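By the numbering used here, the letter at position 6 of the sequence shown is numbered 52, and the numbering carries on one by one without gaps. A virtual CB, placed ideally from N, CA and C, is assigned to each residue, including glycine. Bear in mind that the values here come from a model prediction, so they are computed numbers and not experimental data. Beneath this line is the structure, given in C-alpha coordinates, with notes to follow.
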Amino acid sequence: MSEIGQSLVVKTPIGAVQFITDSHQVIGVDLYCGVDEFSNAHSQSTLFRAIQRQVDEYFALKRQAFELPLQLSGTSFQQRVCRALLEIPYGTCVTYGELAQQLKSSARAVGGACRRNPIPLIIPCHRVVAANGPGGFSGATAGAKMDVKMALLQLESDGVNG
(Lines of atoms letter the chains of each structure in order from A and count residues from 1; the text may use other names and numbers.)
(Lines give C-alpha, C1' and ligand atoms only; values in the text may rest on other atoms or scores of the structure.)
Protein backbone atom coordinates (compact mmCIF):
# COMPACT_ATOMS: atom_id res chain seq x y z
CA MET A 1 0.00 0.00 0.00
CA SER A 2 1.31 3.47 -0.86
CA GLU A 3 1.56 6.06 1.88
CA ILE A 4 1.28 9.03 -0.48
CA GLY A 5 -0.96 11.56 1.16
CA GLN A 6 -1.08 9.66 4.44
CA SER A 7 -1.30 11.73 7.57
CA LEU A 8 -0.45 11.48 11.20
CA VAL A 9 -2.15 13.70 13.77
CA VAL A 10 -0.05 14.39 16.83
CA LYS A 11 -1.46 15.81 20.03
CA THR A 12 0.74 18.71 21.22
CA PRO A 13 0.52 21.57 23.73
CA ILE A 14 -0.41 23.88 20.83
CA GLY A 15 -3.23 21.58 19.68
CA ALA A 16 -3.55 18.82 17.14
CA VAL A 17 -0.87 18.98 14.45
CA GLN A 18 -1.29 17.02 11.22
CA PHE A 19 1.76 15.75 9.33
CA ILE A 20 1.25 14.85 5.66
CA THR A 21 3.74 12.42 4.16
CA ASP A 22 4.51 10.48 1.06
CA SER A 23 6.12 7.10 1.61
CA HIS A 24 9.47 8.56 2.71
CA GLN A 25 9.19 12.29 3.52
CA VAL A 26 7.18 14.93 5.29
CA ILE A 27 5.48 17.05 2.61
CA GLY A 28 3.21 19.19 4.76
CA VAL A 29 2.25 20.22 8.27
CA ASP A 30 -1.08 21.67 9.33
CA LEU A 31 -0.78 23.41 12.69
CA TYR A 32 -4.49 24.22 12.70
CA CYS A 33 -6.10 20.96 11.62
CA GLY A 34 -8.83 21.09 14.28
CA VAL A 35 -8.90 17.33 14.66
CA ASP A 36 -10.27 15.95 17.92
CA GLU A 37 -9.82 12.27 17.10
CA PHE A 38 -6.29 10.84 17.29
CA SER A 39 -6.86 7.60 15.43
CA ASN A 40 -3.79 7.06 13.27
CA ALA A 41 -4.23 3.79 11.44
CA HIS A 42 -0.83 4.02 9.73
CA SER A 43 1.11 5.35 12.72
CA GLN A 44 3.32 2.28 12.89
CA SER A 45 5.42 3.26 9.86
CA THR A 46 9.04 4.13 10.60
CA LEU A 47 8.48 7.71 9.43
CA PHE A 48 5.38 8.19 11.59
CA ARG A 49 7.17 6.78 14.64
CA ALA A 50 10.06 9.21 14.03
CA ILE A 51 7.65 12.15 13.67
CA GLN A 52 5.80 11.24 16.88
CA ARG A 53 9.01 10.76 18.86
CA GLN A 54 10.68 13.94 17.63
CA VAL A 55 7.60 16.11 18.15
CA ASP A 56 7.17 14.72 21.68
CA GLU A 57 10.84 15.42 22.41
CA TYR A 58 10.60 18.96 21.01
CA PHE A 59 7.66 19.87 23.23
CA ALA A 60 9.34 18.18 26.23
CA LEU A 61 12.37 20.48 25.66
CA LYS A 62 14.55 17.47 24.81
CA ARG A 63 15.04 18.25 21.10
CA GLN A 64 16.18 21.44 19.43
CA ALA A 65 16.20 20.35 15.77
CA PHE A 66 14.10 17.91 13.80
CA GLU A 67 15.84 15.22 11.80
CA LEU A 68 13.09 14.23 9.41
CA PRO A 69 13.25 13.80 5.65
CA LEU A 70 11.49 16.75 4.02
CA GLN A 71 10.12 17.39 0.55
CA LEU A 72 10.43 21.10 -0.11
CA SER A 73 7.89 22.54 -2.51
CA GLY A 74 7.16 25.97 -3.92
CA THR A 75 9.23 28.25 -6.09
CA SER A 76 13.01 28.11 -6.05
CA PHE A 77 13.00 31.28 -3.91
CA GLN A 78 10.54 29.75 -1.42
CA GLN A 79 12.77 26.68 -1.20
CA ARG A 80 15.83 28.91 -0.60
CA VAL A 81 13.98 30.63 2.23
CA CYS A 82 12.98 27.27 3.72
CA ARG A 83 16.59 26.08 3.64
CA ALA A 84 17.66 29.34 5.34
CA LEU A 85 14.96 28.86 7.99
CA LEU A 86 16.40 25.46 8.80
CA GLU A 87 19.69 27.19 9.67
CA ILE A 88 18.17 29.49 12.33
CA PRO A 89 19.25 28.07 15.69
CA TYR A 90 16.71 26.90 18.24
CA GLY A 91 15.69 29.69 20.61
CA THR A 92 16.96 32.38 18.24
CA CYS A 93 14.98 34.92 16.26
CA VAL A 94 16.03 36.77 13.12
CA THR A 95 14.15 39.58 11.46
CA TYR A 96 12.61 39.41 8.03
CA GLY A 97 15.11 42.10 7.02
CA GLU A 98 18.13 40.17 8.31
CA LEU A 99 17.03 37.05 6.47
CA ALA A 100 16.32 39.12 3.35
CA GLN A 101 19.81 40.61 3.47
CA GLN A 102 21.31 37.14 3.78
CA LEU A 103 19.30 35.98 0.76
CA LYS A 104 19.82 39.22 -1.20
CA SER A 105 16.09 39.82 -1.33
CA SER A 106 13.47 41.99 0.35
CA ALA A 107 11.82 41.58 3.74
CA ARG A 108 8.40 41.48 2.06
CA ALA A 109 9.49 38.61 -0.22
CA VAL A 110 10.88 36.69 2.75
CA GLY A 111 7.63 37.26 4.65
CA GLY A 112 5.65 35.95 1.69
CA ALA A 113 7.81 32.84 1.49
CA CYS A 114 7.46 32.26 5.24
CA ARG A 115 3.68 32.58 4.91
CA ARG A 116 3.73 29.83 2.28
CA ASN A 117 5.99 27.48 4.27
CA PRO A 118 4.32 24.09 3.75
CA ILE A 119 6.09 22.50 6.73
CA PRO A 120 5.83 24.95 9.66
CA LEU A 121 7.21 23.85 13.01
CA ILE A 122 9.69 21.50 11.32
CA ILE A 123 10.89 24.36 9.08
CA PRO A 124 10.92 26.99 11.84
CA CYS A 125 9.38 30.08 10.24
CA HIS A 126 8.14 31.03 13.72
CA ARG A 127 11.73 32.17 14.43
CA VAL A 128 11.41 35.05 11.96
CA VAL A 129 10.10 38.27 13.46
CA ALA A 130 9.55 41.87 12.45
CA ALA A 131 12.12 44.51 13.42
CA ASN A 132 9.62 46.03 15.86
CA GLY A 133 7.68 43.03 17.16
CA PRO A 134 6.64 39.46 16.46
CA GLY A 135 5.54 40.04 12.87
CA GLY A 136 3.06 37.54 11.48
CA PHE A 137 2.56 33.82 11.26
CA SER A 138 0.86 31.81 8.52
CA GLY A 139 -0.59 35.00 7.08
CA ALA A 140 -2.01 36.35 10.36
CA THR A 141 -0.87 39.14 12.65
CA ALA A 142 -3.35 38.41 15.46
CA GLY A 143 -5.52 35.62 16.77
CA ALA A 144 -5.00 31.88 17.06
CA LYS A 145 -2.15 31.67 14.53
CA MET A 146 -0.16 34.32 16.37
CA ASP A 147 -0.91 32.53 19.63
CA VAL A 148 0.79 29.45 18.15
CA LYS A 149 3.84 31.50 17.07
CA MET A 150 4.15 33.09 20.49
CA ALA A 151 3.77 29.70 22.21
CA LEU A 152 6.54 28.21 20.05
CA LEU A 153 8.84 31.16 20.72
CA GLN A 154 8.14 30.90 24.48
CA LEU A 155 8.75 27.15 24.44
CA GLU A 156 12.12 27.61 22.76
CA SER A 157 13.02 30.45 25.13
CA ASP A 158 12.23 28.14 28.04
CA GLY A 159 14.32 25.42 26.43
CA VAL A 160 17.32 27.73 26.15
CA ASN A 161 16.94 29.48 29.49
CA GLY A 162 15.50 26.74 31.63
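Please state whether DSSP places residue i in a helix, a strand or coil.
i, result
"Lys150", "coil"
"Ser53", "strand"
"Leu93", "helix"
"Gly181", "coil"
"Gly208", "coil"
"Val81", "coil"
"Leu145", "helix"
"Ala197", "helix"
"Ala186", "strand"
"Ala155", "helix"
"Met47", "Here Met47 scores only 30 on pLDDT, less than 50, and its place in the model should not be relied on; the value that follows carries that caveat. In this structure, Met47 counts as coil in the three-state DSSP scheme."
Check whether the Cβ atoms of residue i and residue j sit closer than 8 Å, and answer yes or no.
i, j, result
"Leu114", "Val56", "no"
"His172", "Pro166", "yes"
"Tyr185", "Tyr142", "Before going on, a small fix: residue 185 reads as Gly here, not Tyr. Their beta carbons are not under 8 Å apart, which means Gly185 does not touch Tyr142 by this criterion."
"Ala159", "Ile60", "no"
"Ile97", "Leu132", "no"
"Val127", "Ile134", "no"
"Tyr136", "Ala106", "no"
"Val174", "Leu201", "no"
"Ala177", "Tyr78", "no"
Opposite residue i in the DSSP bridges: which residues?
i, result
"Ile66", "Ser53, Gly74"
"Gly61", "Thr58"
"Pro166", "Ile169"
"Leu116", "Val72"
"Ala106", "DSSP output for Ala106 lists no bridge partner at all."
"Ala111", "Its beta-bridge partners do not exist; DSSP assigns none."
"Val140", "Val174"
How far does the alpha helix (DSSP H) with residue i in it extend, from its first residue to its last?
i, result
"Leu131", "122-131"
To the nearest whole angstrom, what separates the beta carbons of residue i and residue j, a pair I think is in contact under 8 Å?
i, j, result
"Ile168", "Val75", "6 Å"
"Gln117", "Arg109", "About 21 Å; that fails the 8 Å criterion."
"Thr67", "Gln90", "With 8 Å as the limit, Thr67 and Gln90 do not qualify as a contact, their Cβ atoms being about 13 Å apart."
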